[in-house]
Structures are given as structure tokens and as C-alpha cells.
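Have a look at the structure below, then the notes.
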Amino acid sequence: MYDAVFPPDFLWGAGTSAYQIEGAIYEGGRGLSIWDQFAMTPGKTYQGQTGAIAIDHYHSMAADVALMAELGLQSYRFSIAWPRVIPDGSGPVNQRGLDFYERLVDTLLAHGITPMATLYHWDLPIALHQLGGWLRRDTAGNFADYAAAVAHRLGDRVDWWLTINEPWCAAYQGYGDGKQAPGSTDLAEAVIAGHHLLVAHGLGMQAVRAYVRPHARLGLALNLYPVDPVDEREETLRAASMADHFKNRWFLDPIFRGQYPEHLFASWGVEPPPMHVGDAALISQPIDYLGINYYERSVVRAAPTTMGFEEVRGLADATYTDMAWEVYPLGLTRILTRVHRDYAPSLLIVTENGAAYHDVRDTDGTVHDPGRLNYVQRHVEAVGDAIRAGAPVGGYFVWSLFDNFEWAEGYRYRFGLVYVDYQNQQRIIKTSARWFGDFMRAQRLQHREGLVIQQE
Ligand code: FCB
137 MYDAVFPPDF
147 LWGAGTSAYQ
157 IEGAIYEGGR
167 GLSIWDQFAM
177 TPGKTYQGQT
187 GAIAIDHYHS
197 MAADVALMAE
207 LGLQSYRFSI
217 AWPRVIPDGS
227 GPVNQRGLDF
237 YERLVDTLLA
247 HGITPMATLY
257 HWDLPIALHQ
267 LGGWLRRDTA
277 GNFADYAAAV
287 AHRLGDRVDW
297 WLTINEPWCA
307 AYQGYGDGKQ
317 APGSTDLAEA
327 VIAGHHLLVA
337 HGLGMQAVRA
347 YVRPHARLGL
357 ALNLYPVDPV
367 DEREETLRAA
377 SMADHFKNRW
387 FLDPIFRGQY
397 PEHLFASWGV
407 EPPPMHVGDA
417 ALISQPIDYL
427 GINYYERSVV
437 RAAPTTMGFE
447 EVRGLADATY
457 TDMAWEVYPL
467 GLTRILTRVH
477 RDYAPSLLIV
487 TENGAAYHDV
497 RDTDGTVHDP
507 GRLNYVQRHV
517 EAVGDAIRAG
527 APVGGYFVWS
537 LFDNFEWAEG
547 YRYRFGLVYV
557 DYQNQQRIIK
567 TSARWFGDFM
577 RAQRLQHREG
587 LVIQQE
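Per the numbering used here, the sequence shown runs over residues 137 to 592.
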């Protein structure tokens, strides 16, 4: 069923991010981030849970990479914690922080696993937040300095880079609805933060480019959603368009067209962000690939909200994960082909895709996760369909390799291919991981055999 669709250099992998797995928040000279502060603030996360220990990956890195190799993982997407590298956000570089990521990268490479590094997965150093965080334009310059320090150390070994993970979440959930750190609730702030995150992406691209090998690929990851109106009424169609602008085009347009959609901010009743001369070109400089994080579609109806719509859940014929996200594989094909059609990036990589379930250990200690297995299998097929339809998709990463700290939801939901027992940090390979590992091995084998036949 998956035959011959995926090219030989297609990247198969799984992802994590620093704050969600590392723990060891006071070790190795690390500074604190907005996520440490947010999670420690009562009422912000499920049962007040934090990433202070998480899955203790900081201490079990070598064993974790060995497990990746055992699974047959071909590539691994991780993020680098800015406050480990530059504890105060700007100023002196903490070499011990870089040492950790260098060890990680070297261990991956020793196992033949391709590293993909994300520079910002939401853990802004607290010292920068105190100066204004993403509301302050200079934070983007600080990000570029940090990106340069990382690329200076790792650029001779890491060929896949992402500047910012999900600027929409960092901006809107961080400053607009307050569901994420730093937890502000002011749409005007979210708009400014979003712009500075884009400026940081642009400056970060330039900073990294200066230190990497010529064939290195640089990009960013956006969380995108196909949007469907719940019915065909005119007001519903208008609401769907508003939702598409808000969820997708707010960041897609500046990245690929160098401008925000017309009337976007006015339609929300806020001022556009402060644009400097040159911002448009900086933000829309060519990227080598776009990372797409896809989980579900968005079904909407008109509502008297700021954005003119609200999400509709609980559709009669739909299935949902335990986090109430719809399982909708066709949406992945649709978003890949739509981005290809409307924005034509040279390469697309699915940098996140996965499902949350309340997995439990069987009495024999194993973990069976049929829901996730089904989710991953069907989304892999959906990627194949997008390739058949002409979209230049070059990789697929499951979120996540391990169960981990799911931000405001704490440890309540499990996204991992690998189960983690939070009492003793034991890792248990779930059924979905076994399947995905076998699948990646089969893909490799198929191409190797193909090569032999071609050579004969
Ligand atoms: C994405 C985040 C990732 C993870 C998944 C479930 O928005 O990038 O860290 O939390 O959602």
C-alpha cells in the first residue's frame, strides 16, 4: 500500500522538544525560561505539573538515543533550550549547555540517525521576558545571537534546522488567549509578538546560514489546519474564511508573500504590528523547507467572537483522540496540497503529527496503543496521497517519540511512541513504535533492493 511513493531520501522520524523532556532545569548552568515560571504559577497547568523533571532526558540521553537506534529511527527532531545555551538570553554563552547538545548530536550521528534541530520551541529565557519578551523587537536580535552560537558549534554536523516552532502558538497562546507561557491575554500583544517571532525567524535564518554546510536545509515549522464550514450558509462560509486567515494565513502569507493578509488586523479590531523597513524581505527570504505540524482539521461556525467564528466539535460521524482532537487523515493530504498550490515551497516536511491517548500498561508490562497505531498508519498513507498529487513532501515526523510534558495539560495525555513510567522513568516501546520501526526498516530495505536491481 505504501510502495514506491516515498523517495529514497525521505526522512522518517519522531520529535520532541527540550522543555517537554529534558528536566534538569537547574543543572549545567541553565537559566530559567518563561515555561519554568508559567508552570510553577498555580493554576496554569494541569495539577500544577511542570517540566522540572519531565522524562529526565538530560540524564538519560545516551540510553534514549540507543533506544531510537533499536527502534530503527532514521531521524530525530529535538529542540535546543535557549536558556541552557545563553542563560540570561543575551550575553555570555554557557559552553556546558552547548556541550550537552553536541553530545546528543554526536551520539545520534554515531548511530546513523539524522539530527533535525529546532532553535525555539517556546522556552524564552526569563531574563528576556523581564525586558519585554517577544513584545520587544530586540529579542529577535538576541535570538539571532543565540542561533549563531549554536550553529557555530553544531553547523559542521547538523544539516536540518528549524528556527521557530509554531509562531502562532507562541504568539497567540502566549500573549493572546494566555493558555501558554508567558500567559498574557491581549490580542494586540499577540500581534506584536507574532511579528517579532517572524523577525527572529528571518534573522535566525541568516545567522545559521553563516555557519552551516552548503547543503544544509533551513526552515521553520507552522501548525496548520484545513478549515471546513459546518454548513453551507453564507455566514458560515465567511466564518471559515476568517478562521483560515487567523489560523493559517496570519503566518503563511508573511513567510511566502512578504505581507500579512489585507485587513487581517483591522478585522480583529487591532493595530497592525510595527513594521520596519526591510522586515518584509527579511521575513520572506527563501526557506529551504517548510515544516508543517498537523494534528486535526478545524470545523467552524459563525459566532460573535473577535475572529467571527467558533470551533465545532463532537461531529456525529467523526472520531476523536482522548484530547478531543479529530482524527482526520484526509486533512493532512489537503493541507500539504493546499500549501503546495498556494505558496509553492520547494520542500515540505511534516514535522509533527500524532495523537494523545490514555495509554495503560498491560499486566505483562506491555503497552498496546491501537488508536495511535491507526492514527499514524492512516496519516502516513495521507502523506503518500499528497505526494501522488504532486506535493513535494520530503519527510514525516511523529509527535512524539516519548510521552512527555504536554504544556498546560501536564502529563495527563500521552503522545509518545514510547511509553514513559513517570515513577521510575522506565521506557516501554508501544505497539505503534514497533510498527513504525518496522515500517522505516522496510522502507530502507526496499530502496536498497531497488538500488541493487538497478545496478545489476
Ligand atoms: C504542538 C507542539 C508540541 C506538542 C504538540 C502536541 O503544538 O509543537 O510541542 O505539544 O503540539
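We put the CB at the ideal spot given by N, CA and C, even for glycine. The structure presented is a predicted model; accordingly, all values stated were derived computationally and were not measured.
Give a single yes or no on whether H494 has its beta carbon closer than 7 angstroms to a heavy atom of the ligand FCB. Incorrect: H494 has no Cβ contact closer than 7 angstroms to the ligand FCB.
Taking the straight line between their C-alpha atoms, what separation do you get for T181 and L260? Their Cα atoms are separated by approximately 18 angstroms.
Buried or exposed by the 16-neighbour rule on C-beta atoms within 10 Å, applied to Q395: exposed
In whole angstroms, what separates the C-alpha of R550 from that of L354? 30 angstroms
With a CB to CB cut of under 8 angstroms and the five nearest residues on each side skipped, what residues in its chain are close to P228? I222
Just to confirm, does Q156 get its C-beta within under 7 angstroms of one of the non-hydrogen atoms of the ligand FCB? yes
Determine the DSSP secondary structure at N278, reduced to helix, strand or coil. helix
Contact the region 365 to 382 vs the region 433 to 448: 3+ CB pairs below 8 angstroms: yes
Just the Cα atoms here: how many angstroms apart are L244 and H195? Rounded to whole angstroms, L244 and H195 show a C-alpha spacing of 15 angstroms.
Residues in its own chain within less than 8 angstroms of T455 by CB, not counting five upstream and five downstream? Apart from sequence neighbours up to five positions away, the residues of its chain that approach T455 with a beta-carbon distance below 8 angstroms are E462 and V463, ordered along the chain.
For the ligand FCB, is there any heavy atom lying closer than 7 angstroms to the beta carbon of N359? Yes, Cβ of N359 sits closer than 7 angstroms to a heavy atom of the ligand FCB.
Proximity test, F533 beta-carbon vs the ligand FCB heavy atom, cut-off 7 angstroms: no
What did DSSP end up calling I262 once you bin it into helix, strand or coil? Helix, per DSSP.
Which runs of the alpha helix (DSSP H) fall wholly inside the region 198 to 254 and span at least 4 residues, in chain order? The alpha helix (DSSP H) runs lying completely inside the region 198 to 254 and spanning 4 residues or more are 218 to 221 and 231 to 246, given in chain order.
Three-way DSSP call (helix, strand, coil) for Q561 in this model: coil
Buried/exposed call for L356, threshold 16 Cβ in 10 Å: buried
Use the C-beta contact count for E432: other C-beta atoms within 10 angstroms, 16 or more gives buried, fewer gives exposed. buried
Below 8 angstroms on the Cβ atoms is my guess for I249 versus Y282; work out the distance and round it to an integer in Å. Actually they do not touch by this definition, with Cβ atoms about 25 angstroms apart.
Mind checking H351: buried by the 16 CB within 10 Å criterion, or exposed? exposed
Using the Cα positions of A317 and D172, report the straight-line distance between them to the nearest angstrom. Take the alpha-carbon of A317 and the one of D172: they are about 9 angstroms apart.
L509, DSSP secondary structure in three states: helix
If you count every other CB in all the chains shown that lies within 10 Å of the CB of S434, and 16 or more means buried, which is it? Within 10 angstroms of the beta-carbon of S434 lie 16 or more other beta-carbons, which makes it buried.
Give the DSSP bridge partners of E447, in chain order. V436
What are the start and end residues of the beta strand (DSSP E) that includes A357? Looking at the DSSP string, the run of the beta strand (DSSP E) that includes A357 is R353 to N359.
Between H247, I170 and S169, which has its C-alpha nearest L203's C-alpha? H247
Given this structure, state the Cα-to-Cα distance separating A346 from H504, to the nearest angstrom. 46 angstroms
For Q513 and T186, the rounded distance between their alpha carbons: Computed Cα separation, rounded: 32 angstroms.
For G165 and N230, what's the separation of their Cα atoms in angstroms? Their Cα atoms are separated by approximately 7 angstroms.
Between E432 and the ligand FCB, is the CB less than 7 angstroms from at least one heavy atom? No, the beta carbon of E432 sits no closer than 7 angstroms to any heavy atom of the ligand FCB.
What does the alpha-carbon distance come out to for the pair R474 and V363? 11 angstroms
C-alpha gap between E238 and L290, whole angstroms: The alpha-carbon of E238 is positioned some 7 angstroms away from that of L290.
Looking at the strands, I want to know which residues DSSP matches up with A150. Y212 and V534
Residue from R584, V201 and D458 with nearest C-alpha to G490: D458
Using only the heavy atoms of the ligand FCB, determine whether one of them is closer than 7 angstroms to the beta carbon of H257. yes
If you measure from the CB of W543, is any heavy atom of the ligand FCB nearer than 7 angstroms? Indeed, a heavy atom of the ligand FCB lies less than 7 angstroms from the Cβ.
If you check the beta carbons only, do Y256 and F279 fall under 8 angstroms apart? Against a cut-off of 8 angstroms, the Cβ pair of F279 and Y256 comes out as a contact.
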